[in-house]
Each structure stands twice: as structure tokens, then as C-alpha cells.
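Protein chains: 2
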Amino acid sequence: MTQKQEQLSKNQQIVLNIIEKAKGPLKAYSILYNVQKRGIKAPLQVYRALEKLIEIGKIHKIESKNAFIACKNSDCEISKATAFSICNNCEHVKEIKNTKLSKYLSNFVDNSGMKYKKYNLEFFGLCKDCKLKQ
Amino acid sequence: MTQKQEQLSKNQQIVLNIIEKAKGPLKAYSILYNVQKRGIKAPLQVYRALEKLIEIGKIHKIESKNAFIACKNSDCEISKATAFSICNNCEHVKEIKNTKLSKYLSNFVDNSGMKYKKYNLEFFGLCKDCKLKQ
DNA sequence: ATAACAAACGTTATATTATAACAAATTAAG
DNA sequence: CTTAATTTGTTATAATATAACGTTTGTTAT
Numbered sequence: 001m002t003q004k005q006e007q008l009s010k011n012q013q014i015v016l017n018i019i020e021k022a023k024g025p026l027k028a029y030s031i032l033y034n035v036q037k038r039g040i041k042a043p044l045q046v047y048r049a050l051e052k053l054i055e056i057g058k059i060h061k062i063e064s065k066n067a068f069i070a071c072k073n074s075d076c077e078i079s080k081a082t083a084f085s086i087c088n089n090c091e092h093v094k095e096i097k098n099t100k101l102s103k104y105l106s107n108f109v110d111n112s113g114m115k116y117k118k119y120n121l122e123f124f125g126l127c128k129d130c131k132l133k134q
Numbered sequence: 001m002t003q004k005q006e007q008l009s010k011n012q013q014i015v016l017n018i019i020e021k022a023k024g025p026l027k028a029y030s031i032l033y034n035v036q037k038r039g040i041k042a043p044l045q046v047y048r049a050l051e052k053l054i055e056i057g058k059i060h061k062i063e064s065k066n067a068f069i070a071c072k073n074s075d076c077e078i079s080k081a082t083a084f085s086i087c088n089n090c091e092h093v094k095e096i097k098n099t100k101l102s103k104y105l106s107n108f109v110d111n112s113g114m115k116y117k118k119y120n121l122e123f124f125g126l127c128k129d130c131k132l133k134q
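If you read the sequences in order, they're chains A and B.
Under this note's numbering, think of the first position of the first sequence as 1, with each following residue one higher.
Under this note's numbering, think of the first position of the second sequence as 1, with each following residue one higher.
Structure below.
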């Protein structure tokens, strides 16, 4: 019983469901194949839903993978502050929920005195499972 | 007189020159158009050079833009730790050189105790010029 | 309730970004 | 020199993403 999903349109709902059920990030065309039985036929329908879902913070794009993942973090309001860990071996992706980190980055001021409204951080390494197996 | 460039191959050299001369990040196909007079004819030739240049840390990929920029930061050895600021208005991109930030992120340990080998951070906001103009 | 507007939809076509596969040429090392 | 590794050239194609158009649905204000 998630709240505030009644405002999503039909296609947005379908695409979000697929992404939320997935274990990891999904690519746009893989989403497309998965939702064809539900009436979505064209890439653009998927991309439009993705765009909206990103806008309202329900999902994030993993830029280094061109893939999309459900937001598990109520803190990153409207995707202004996102951080992920990505396993180089099994490609497992996890959203990092760390208050210190997000505070540090949200308040970061560069050498020229600039502050930023938004950031996206991607960490790469081996996840615990893959570290053990090696 | 940059050092250590004698080891680059012809195509790698050509592509690097274009990227280093550019004011901002370049897209692969824009690089291609720019180097056709110098004998590079196919996308793959560009992508291969890009791959190598990234590998040896001469350039970075701006993931959110699918574009490539020369490394201006001798500190980010072999691109293990990259941070950029990106202007939402004029699309100006700048590599952030900030020792505190890079130390903070390189030493970051997440809630599960994981440390990471590599990260890429992209900040978004308005650059100084665009802030003034608004 | 309905006119006016905004948001979402469906569809076709196409643009943009990136890689596969294979053979030839070049370079580096033993 | 010759073997191995890297780089090159080339053609084809895969994968990712958007343009443009007209229609339908949903919202809001009267």
C-alpha cells in the first residue's frame, strides 16, 4: 500500500511496477519487452514514463549503465542527491543511504565558492559476495 | 611539451589533441567529424581511442552527457576518483580539484562496511556566469 | 456541465551512441 | 628475425534515445 501513487498514469504505473519488482536496475528496452503484454508497444512510451518517474523521484537513472532503478530512499527528495554502489563483477547496484555523506555533498562548496543543487555519485568496487568468491 | 605521450598511437594522439583543444566535453561523433580530415573515418576508431585514453587517465567520460573531457587533474591517477561540476544552463563542465573531497570519498565506508576502489561524482547547478545572467 | 487547458497517449520515423566481427598492418619483446 | 600483442581499417549492426504529429484523457474554472 504505497501512498501517492494514485496520481500516476497508467503507463507510468506499469513501468514503475516492473522496476520496483526487479532485483536490479533495468534498461529501457528490457522494460519495453517486459511490458508489451500490458499494451505498451513503443520505446517512446517507456521513455516518457521513465522521464516522469525520475522527475517525481520514484526512480533513478544509473548513468554509467543507462539503467533505471527504483528509489529506496525517502530522503533523496526528487532525486537531488543520489549515491550508488556498483559491483564491477556482478553488476549489483545498491542505493547508498548515508546521512553524513548526503549532508557532506549537499553542503559541498568548491574552491571557487560554488554550491550545487543536485549531485549524482557512483561508487565502483566489489560487493561483499564477489569479494568472498575471489 | 606534455610528458608520456610518446606511447600513444597515432589515432589516440589525434583524438586526445581534439579533446584537449576543446573548451568543453566532446561527444564521440563530434570528435569523429573533427578528425575525418586527419584520416579517421569510422566511429569505432574513435571509440577505441577513447577507451584507451580513459584507461590511461588522459580523459574522462561525463556519464550524464555521454561526452569526453581531458583530464586537468594530475591527482586523479588513472581515473579512480573523478568529480565534475555541470552547469544546467550553459552545460559548462569543469573538473573539480579538491583534496578534501577526494580524500573524503576515497576513504568513504558505507553502512555495511564496504570501501570502494573508484567513484565518479557529478554536481549540477548554475555556473557563476549563468547565475549572474539570471 | 462544459469550455479551456494541460498532461498523457499512440504511432511512425529517425537520430544518437556504441559494439561485433574479421582481416591487415604496425609495434614491442625475446 | 619471428612471435606475440596492439593498433588499425572496414563493414555491418546493435542499443539507446528523441522528433513530430495528431488523438485522448484528465483537471480546473466558470
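Built from N, CA and C at the ideal position, the CB exists for glycine as well.
Using the beta-carbon of each residue, which ones in chain B are nearer than 7 Å to residue i?
i	result
A/GLU122	TYR119, ASN120
A/TYR104	TYR104
A/LEU8	By Cβ distance, chain B contributes nothing, its closest Cβ being about 25 Å from A/LEU8, past 7 Å.
Report the three-state DSSP secondary structure of residue i (helix, strand or coil).
i	result
B/CYS71	coil
B/ALA22	coil
A/SER9	coil
A/LYS133	helix
B/LEU126	coil
B/THR2	Here the model assigns B/THR2 a pLDDT of 34, short of 50, so the residue's position is not dependable and the matter cannot be decided.
A/LYS41	coil
A/GLU55	helix
Determine whether the beta carbon atoms of residue i and residue j lie at a separation below 7 Å.
i	j	result
B/VAL35	B/ILE56	no
B/PRO25	B/ILE54	no
B/ALA83	B/ILE96	yes
B/PHE124	B/ASN89	no
A/ALA49	A/ASN73	no
A/GLU91	B/ASN120	no
B/LYS131	B/LYS80	no
Could you name the residues of chain B that residue i contacts, counting a contact when the two beta carbons are closer than 9 Å?
i	result
A/ASN98	PHE108, ASP110, ASN111
A/LYS128	SER112, GLY113, MET114
Could you say which of the options lies nearest to residue i if we only look at CA atoms?
i	options	result
A/ASN111	B/ASP110, B/LYS100, B/VAL109	B/LYS100
B/LYS52	B/VAL15, B/LYS103, B/LYS117	B/VAL15
B/LEU44	B/LYS80, B/ALA28, B/ILE59, B/ARG38	B/ALA28
B/GLU20	B/CYS127, B/ALA42, B/ILE59	B/ILE59
A/LYS94	B/TYR104, B/LYS37, B/MET114, B/LYS103	B/MET114
A/GLN13	A/VAL46, A/LYS65, A/SER102	A/VAL46
B/SER9	B/SER30, B/ILE40, B/ALA67, B/ALA22	B/ILE40
Give the DSSP bridge partners of residue i, in chain order.
i	result
A/ASN120	A/THR82, B/GLU122
A/HIS60	A/ILE69
A/LYS97	Note: A/LYS97 sits in no beta bridge, so no partner.
B/LYS27	B/ALA67
B/CYS87	B/GLY125
A/VAL109	A/LYS115
Residues of chain B with CB closer than 8 Å to the CB of residue i, please, in chain order.
i	result
A/GLY125	MET114, LYS115, TYR116, LYS117, LYS118
A/SER64	GLU63, ASN120
Give the interface partners of residue i over in chain A, defined as CB-CB distance under 8 Å, in chain order.
i	result
B/SER85	ASP110, MET114, TYR116
Strictly below 9 Å CB to CB, what residues from chain A border residue i?
i	result
B/LYS23	Correct list: empty, because the minimum Cβ distance to chain A is about 17 Å.
B/LEU101	TYR104, LEU105, PHE108, ASP110
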